[in-house]
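Data first, discussion second: the structure below is written as structure tokens.
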Amino acid sequence: MKAIILGADGYIGWPMAMKMANEYGEVAVVDNYVTRKLVADVGGTSALPIGKDLKQRAENFSKHFPGKKIYVEEGDLRSPSFVEAVVKKYKPEVIVHLAQQRSAPYSQVSAIHALYTQTNNVATNLNVIYAMKKHTPKGHLLKMGTMGEYGTPNIVIEEGNMEIEYKGRKDKVMAPRAPGSFYHLSKVFDTYNVAFANRIWSMRATDVMQGVVYGTRTEEMIDEGLRTRLDIDAIWGTVINKYCAQLIAWNKLLIYGKGLMTRGFLSLQDSINCLFLLAENPPEEGEYRVVNQLDKIYNTYQLAEIVQKIGAEMGYKSTFETIEDPRVEKQEHYYEVTHEILPRLGFAPKSTMEEQVRQMISDLAAYKKYWYRKRDRIKPNVYWKDTDNAASLKSKWLLKHTGKGYAEDFKVSE
Ligand SMILES: NC(=O)c1ccc[n+]([C@@H]2O[C@H](COP(=O)([O-])OP(=O)(O)OC[C@H]3O[C@@H](n4cnc5c(N)ncnc54)[C@H](O)[C@@H]3O)[C@@H](O)[C@H]2O)c1
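When we follow our numbering, the leftmost residue of the sequence shown carries the number 26, and every step to the right adds one.
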């Protein structure tokens, strides 16, 4: 098998699975549906329908792409034996690892949410590293990190190592990390774990520092039943996706603080194309490669202006409302990122942000009945300064899962 995709029921994982199955003829995918459960747990829902489970999605894909197959494995990647069995069964050339808790606000809800985030993320990654070392020692781990690992330093964010001179001596060190949430911190742990596996076992890996992803469509979505999930609530949604929902729900876009917080962005289609390009162009045997994956840099005010402009062209008038920034982050800062590897491999953005925003507004409007009744969830309800935001959130599933079940999962005594 050429590839396994971990986290294939997710926003990026599903279109990635379709792309690889389409290109390679077959792909194996894994998920335990935890994003569905955690989103529902805090009162959210995917704004677009995604079907019952991966088996149904895979069957539907094969109907539209005859002869192409997605093999589904359901299970929790925190289990070392499950991960080992899957890697042993398929012995893939590349594993695309997307299966993690990916919401910064979720990780900041309370101690339990932070604990779940970090244990889930570090455990899945370590299990994949060990299973690959055992069953595909020359395989390529294509691991999804985040640009949020770096924070917002007052120097250019390098792609990989940077040369430093300190007290008269020179060395190469990894670009500094200053993550802004317990979620982003979990990704920093992963980075050091993958880099360490490379040092001791010569693991071949690409560590992708990805910007914020937006959009609803990729080329393989030729039928309504092939859509991917879209989160638009304050905990699980990312900024542009949330603005588009706010436009339709309230004719009002919520700007955090001064709106000058600046980050890198790329569309869902570009994210998929970049990952595919990296899978097709693996690092050398024994190489650890860091890639900064983004298209353009914007601040959150500029993004709101784009959504407002496109919205107006589509008949949605909107105003801006400035609210307190629920996060603890620099309100004004320098932001420059080196991103040369992907363009060198041939990456060029497929479409403009304006085109993607137009498509997203139109998709959200078409599926309004799925999410409109939950529109109050788009207002921020998790504040970084609070250690227990859980009062307004149910989190029943998580609490059950991390109570007795938690100890059982890891076979440790309580
Ligand atoms: N969406 C973005 O803007 C963005 C930006 C930068 C990085 N990333 C990273 O990209 C990856 C994918 O993000 P996404 O937006 O598709 O998230 P997602 O939550 O939609 O998808 C992740 C999938 O992994 C699964 N999963 C999580 N833990 C698992 C476990 N223990 N066992 C089995 N499956 C598990 C979830 O059920 C989910 O389907 C994540 O690692 C995320 O941190 C995303």
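Ideal Cβ positions, reconstructed from N, Cα and C, are used throughout, including at glycine.
It should be emphasised that the depicted structure is a prediction, and the values quoted were computed from it without experimental measurement.
| query | result |
| --- | --- |
| Contact belief for L79 with V54 at Cβ below 8 Å, rounded distance in angstroms | 6 Å |
| Residue environment, P91, which counts as buried when at least 16 other CB atoms sit within 10 Å | exposed |
| Close beta carbons around L282, own chain, < 6 Å, minus the five adjacent residues each side | In the sequence as presented, Leu is not what sits at residue 282; that position holds Gly. Hits under 6 Å: D350 and Q356. |
| heavy atom of ligand 1 below 6 Å from R103 C-beta | yes |
| Sufficient close CB pairs (3 or more, under 8 Å) joining the segment 325-343 to the segment 193-202 | no |
| Neighbourhood of K114 by C-beta, 7 Å cutoff - its chain only, sequence neighbours within 5 removed | none |
| Contact set for D434: own chain, Cβ-Cβ below 7 Å, skip 5 residues either direction | With a pLDDT of 49 at D434, under the threshold of 50, the predicted position of this residue should be treated as unreliable, though the coordinate-derived value follows. The residues are R103. |
| Residue ranges of each beta strand (DSSP E) within the segment 164-250, 3 or longer | 165-169, 186-191, 194-199, 229-235 and 237-239 |
| In DSSP terms, what N317 is bridged to | M234 |
| Spatial neighbours of R400 in its chain, beta-carbon cut-off 7 Å, leaving aside the 5 residues before and after | A274 |
| Extent of the continuous alpha helix (DSSP H) to which F290 belongs | Where F290 is concerned, there is no enclosing alpha helix (DSSP H), although the beta strand (DSSP E) it sits in stretches over T287 to S292. |
| H358 versus R383, T325 and M339, residue with shortest Cα-Cα distance | T325 |
| First through last residue of the beta strand (DSSP E) which encompasses H122 | V119 to H122 |
| Cβ pair V407, Q133 closer than 7 Å | yes |
| Extent of the continuous alpha helix (DSSP H) run through E346 | Element bounds for E346: not the alpha helix (DSSP H) but the beta strand (DSSP E), T344 to I348. |
| Counted within 10 angstroms of its Cβ, other Cβ atoms place L370 as buried (16 or more) or exposed | exposed |
| Selection from H138, I348, G76 and S227 that minimises the alpha carbon distance to K158 | S227 |
| Cα-Cα separation between N186 and E312, rounded to whole angstroms | 13 Å |
| Cα-Cα separation between E439 and L31, rounded to whole angstroms | Note that E439 has pLDDT 31, beneath the 50 cutoff, so the model's placement of it is unreliable and the number below is only indicative. Those two C-alpha atoms are separated by around 30 Å. |
| Exposure label - G290; buried when at least 16 CB within 10 Å | Checking the sequence shown, residue 290 turns out to be Phe, not Gly. Result: buried. |
| Reduced DSSP category for Y408 - H, G, I as helix; E, B as strand; rest coil | coil |
| V437 to L140 span [Cα, whole Å] | Because V437 carries a pLDDT of 39, less than 50, the predicted location of this residue cannot be relied on, and no value is offered for it. |
| Nearest candidate by alpha-carbon position, reference K321, set L300, E109, D295 and F301 | D295 |
| Pick from E98, V316 and E361 that is closest to L367, judged by C-alpha positions | V316 |
| Check whether L167 and V121 have beta carbons under 7 Å apart | yes |
| Own chain residues within Cβ distance below 8 Å of V147, not counting five before or after | S211, F214, D215 and N218 |
| Minimum C-alpha distance to N57 - residue among Y49, A33 and V362 | A33 |
| Span of the alpha helix (DSSP H) around E330 | T325 to E338 |
| Cα-Cα separation, I348 to L279 | 7 Å |
| Sufficient close CB pairs (3 or more, under 8 Å) joining the segment 175-182 to the segment 243-252 | no |
| Exposure of T171, with buried meaning 16 or more beta-carbon neighbours within 10 Å | buried |
| Residues that L279 bridges to, as DSSP identifies them | E346 |
| Environment of I297 [buried if 16+ CB atoms lie within 10 Å] | buried |
| Complete beta strand (DSSP E) runs within the segment 35-68 (minimum length 3 residues, chain order) | 51-56 |
| Rounded distance between the beta-carbons of H165 and R229, thought under 8 Å | 5 Å |
| Cβ-based neighbour list, P308, same chain, cut-off 8 Å, excluding 5 preceding and 5 following | H165, R229, A230, T231 and R314 |
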